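S.K.: Pasting a structure here, questions to come.
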Amino acid sequence: MLHNLGYIQACLVRAFKEYKNLSLLTTKAEPVPSPNTLAENTSETPITKDTKSALSKIPLKYPVCDIITIWLVLLDAPKCKSLSLTPEFKAENDVVELLGSMFTDISGEPGKLPDSPHRFYELPLDYQPILYLLMHATYKLNYTYTRLPLEEYSKCLKATFSVYDAIELNYMPGNFTKKQPVAIAAIKELENSPYAKNTLQILSKIPNYRITV
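First residue of the sequence shown: 38, per the numbering used here; consecutive thereafter.
Okay, here's the thing in structure tokens:
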């Protein structure tokens, strides 16, 4: 009788150990992924921020033909004796492509501006006053229709032209009018340029410029 009880007890102990081992196997915790593993599984492709390539085009509602006309003076700007400029823009299409990369036409004049990809222009520093004037004139003519602040036009200049690389964005709005006399005087030097004449004629519509033609 005692022998039988001992045998039963031994069987129970053995069964308990086997049950415990099985329990450990079935309830074993899943390995916790390391932080590096989580990052690899859940992260997306890194986003690189480049202000020169992430330019948001400015909508133009003022008649685009006039905006194009004032910017065409860039074709003859290198002839200004008071400024040292290289002929970066050699044909009207070069200027139109530039404008298509900075602005989008919402004036209802289809086909005036192409949807050009953004481009960054490396230009001599003397281009700075001319570009300030042309962009400020665009802002003044367009403001009644879009109410966009001058800061948006500043961003566009800085993102497009190398001559503004060294200027902090928050200083640019104050420089538009400071550089204006230099640019207007340079354009007036181009007495034999029809582009300069047309530019001055449109700029004369802006009261603050006090240009007479």
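Even glycine gets a Cβ: it sits at the ideal position worked out from N, Cα and C.
Everything numeric in this text was worked out from a predicted model, so none of it was measured.
(1) Taking the alpha-carbon of S8 as reference, which of K98, L122, T214 and I239 has the nearest alpha-carbon?
(2) Between the Cα of T123 and the Cα atoms of L185, F213 and L162, which residue gives the shortest distance?
(3) According to DSSP, D113 sits in a beta bridge with which residue or residues?
(4) Return the first residue and the last residue of the alpha helix (DSSP H) that I277 is part of.
(5) By the 10 Å Cβ neighbour count, where 16 or more other Cβ atoms means buried, how is N179 classified, buried or exposed?
(6) Where does P68 land, buried or exposed, given buried means 16+ other C-beta within 10 angstroms?
(7) What's the C-alpha gap between P210 and R184?
(8) Can you tell which of T106, E188 and A114 has the C-alpha that lies nearest to the C-alpha of L136?
M.R.: Based on what the coordinates show:
(1) This structure cannot speak to residue 8, because the chain is shown only from 38 to 250.
(2) Walking along the sequence shown from the start, residue 123 turns up at place 86. Per the Cα distances, L162.
(3) Translated into the one-based positions of the sequence shown, residue 113 becomes position 76. According to DSSP, which records beta bridges pairwise, D113 is partnered with nothing at all.
(4) In the structure as shown, the chain begins at 38 and stops at 250. Residue 277 is therefore absent and cannot be evaluated.
(5) The count along the sequence shown starts at 1 and reaches residue 179 at position 142. N179 is buried by the Cβ-count criterion.
(6) Against the sequence shown, residue 68 aligns to sequence position 31. Note that P68 has pLDDT 43, beneath the 50 cutoff, so the model's placement of it is unreliable and no number is given.
(7) Your numbering for residue 210 matches position 173 in the sequence shown. Your numbering for residue 184 matches position 147 in the sequence shown. Each residue's Cα considered, the two are about 15 Å apart.
(8) Sequence index remark: in the sequence shown, residue 136 carries index 99 (1-based). Relative to the Cα of L136, the nearest Cα in the group T106, E188 and A114 belongs to T106.
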